[in-house]
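K.L.:
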Amino acid sequence: MVKPQHTKGYKHQNITEFKCNKYNTTPDQEIAFKTQKNNLCDKCKEIIEWKIKYGKYKPLSVSRRCNQCQEKTIHKAYCRICEKCAEQMKKCAKCETLNNCRID
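As C-alpha coordinates, this is what we get:
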(Lines of atoms letter the chains of each structure in order from A and count residues from 1; the text may use other names and numbers.)
(Lines give C-alpha, C1' and ligand atoms only; values in the text may rest on other atoms or scores of the structure.)
Protein backbone atom coordinates (compact mmCIF):
# COMPACT_ATOMS: atom_id res chain seq x y z
CA MET A 1 0.00 0.00 0.00
CA VAL A 2 1.44 3.35 -1.04
CA LYS A 3 1.00 6.26 1.37
CA PRO A 4 0.12 9.63 -0.13
CA GLN A 5 2.80 12.28 0.17
CA HIS A 6 2.35 15.04 2.71
CA THR A 7 1.22 18.07 0.72
CA LYS A 8 -0.26 20.18 3.48
CA GLY A 9 1.86 23.17 4.60
CA TYR A 10 2.97 23.97 8.10
CA LYS A 11 0.28 24.78 10.63
CA HIS A 12 1.86 28.07 11.70
CA GLN A 13 3.62 29.98 8.94
CA ASN A 14 5.49 33.09 10.00
CA ILE A 15 4.36 35.77 7.58
CA THR A 16 5.36 38.82 9.61
CA GLU A 17 8.56 39.39 11.55
CA PHE A 18 8.50 39.07 15.35
CA LYS A 19 8.66 42.39 17.22
CA CYS A 20 9.40 42.11 20.92
CA ASN A 21 8.26 45.68 21.70
CA LYS A 22 5.18 45.70 19.49
CA TYR A 23 2.68 46.86 22.10
CA ASN A 24 4.80 48.36 24.87
CA THR A 25 8.31 48.28 26.22
CA THR A 26 9.31 47.30 29.71
CA PRO A 27 12.23 48.93 31.54
CA ASP A 28 14.24 45.71 31.09
CA GLN A 29 13.85 45.91 27.31
CA GLU A 30 14.89 49.56 27.27
CA ILE A 31 18.04 48.66 29.21
CA ALA A 32 18.76 45.83 26.79
CA PHE A 33 18.47 48.10 23.74
CA LYS A 34 20.93 50.58 25.28
CA THR A 35 23.58 48.06 26.37
CA GLN A 36 26.91 48.33 24.66
CA LYS A 37 28.44 45.15 23.34
CA ASN A 38 32.07 45.94 24.20
CA ASN A 39 34.79 43.34 24.74
CA LEU A 40 32.88 40.58 22.93
CA CYS A 41 33.87 38.31 20.06
CA ASP A 42 31.68 38.26 16.95
CA LYS A 43 29.88 35.05 17.93
CA CYS A 44 28.97 36.26 21.43
CA LYS A 45 27.92 39.65 20.07
CA GLU A 46 25.51 37.95 17.66
CA ILE A 47 24.09 35.80 20.48
CA ILE A 48 23.37 38.81 22.69
CA GLU A 49 21.90 40.78 19.78
CA TRP A 50 19.58 37.82 19.05
CA LYS A 51 18.46 37.73 22.69
CA ILE A 52 17.70 41.47 22.58
CA LYS A 53 15.89 41.22 19.24
CA TYR A 54 13.57 38.39 20.31
CA GLY A 55 12.92 39.56 23.88
CA LYS A 56 14.99 36.86 25.62
CA TYR A 57 17.59 39.21 27.18
CA LYS A 58 17.40 39.31 30.97
CA PRO A 59 19.56 41.97 32.67
CA LEU A 60 21.39 41.30 35.92
CA SER A 61 19.67 42.34 39.12
CA VAL A 62 22.78 41.92 41.32
CA SER A 63 26.44 42.37 40.35
CA ARG A 64 28.33 39.17 39.56
CA ARG A 65 31.82 38.12 40.57
CA CYS A 66 34.55 38.22 37.92
CA ASN A 67 36.27 34.89 37.17
CA GLN A 68 39.69 36.57 36.91
CA CYS A 69 39.94 39.20 39.66
CA GLN A 70 37.23 37.69 41.95
CA GLU A 71 35.63 41.10 42.57
CA LYS A 72 31.94 41.95 42.14
CA THR A 73 32.43 44.17 39.12
CA ILE A 74 30.24 42.57 36.43
CA HIS A 75 27.15 44.65 35.76
CA LYS A 76 26.16 43.26 32.33
CA ALA A 77 24.27 40.02 31.83
CA TYR A 78 25.88 36.92 30.27
CA CYS A 79 29.46 38.08 31.00
CA ARG A 80 31.98 36.05 33.00
CA ILE A 81 34.83 38.53 33.34
CA CYS A 82 34.67 42.26 34.00
CA GLU A 83 35.43 44.92 31.40
CA LYS A 84 38.75 45.87 33.02
CA CYS A 85 40.06 42.28 32.95
CA ALA A 86 38.74 41.73 29.41
CA GLU A 87 40.62 44.80 28.16
CA GLN A 88 43.85 43.89 29.97
CA MET A 89 43.88 40.25 28.86
CA LYS A 90 42.28 40.96 25.43
CA LYS A 91 39.64 38.28 25.97
CA CYS A 92 35.95 38.05 25.21
CA ALA A 93 33.96 38.94 28.34
CA LYS A 94 31.40 36.18 27.69
CA CYS A 95 33.30 33.11 26.44
CA GLU A 96 36.83 34.13 27.56
CA THR A 97 38.51 33.30 24.24
CA LEU A 98 41.52 35.22 22.98
CA ASN A 99 40.79 35.18 19.26
CA ASN A 100 38.51 37.60 17.37
CA CYS A 101 38.03 39.85 20.39
CA ARG A 102 36.40 43.13 19.43
CA ILE A 103 36.88 46.20 21.60
CA ASP A 104 34.58 48.98 20.37
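Read in order, the letters of the sequence shown are residues 30 to 133 in this note's numbering.
The C-beta atom is built at its ideal place from N, Cα and C for all residues, glycine as well.
The structure displayed is predicted, hence computed values, not measured ones.
Under DSSP, the alpha helix (DSSP H) around Ile77 begins and ends at which residues?
P.N.:
Taken as a continuous stretch (DSSP letters only), the alpha helix (DSSP H) holding Ile77 covers 71-82.
K.L.:
Which same chain residues end up closer than 8 Å to Lys113 when comparing Cβ atoms and leaving out the 5 residues on each side of it in sequence?
P.N.:
So the list reads Cys98, Thr102, once near-sequence residues are dropped.
K.L.:
State the start and end residues of the unbroken alpha helix (DSSP H) segment that holds Gln117.
P.N.:
Run containing Gln117: 112-118, per the alpha helix (DSSP H) assignment.
K.L.:
For the candidate residues Arg109, Met118, Pro88, Asn96, whose alpha-carbon lies nearest to that of Thr63?
P.N.:
Residue 63 is actually Lys in this sequence, not Thr. Nearest option by C-alpha distance: Pro88.
K.L.:
Who are the Cβ neighbours of Tyr83 in its own chain at under 7 Å, not counting the five residues just before and after it?
P.N.:
Closer than 7 Å at the Cβ level, and outside the excluded window around Tyr83, lie Phe47, Cys49.
K.L.:
Provide the residue(s) that pair with Ile103 in DSSP beta bridges, ordered along the chain.
P.N.:
Its beta-bridge partners are Arg93.
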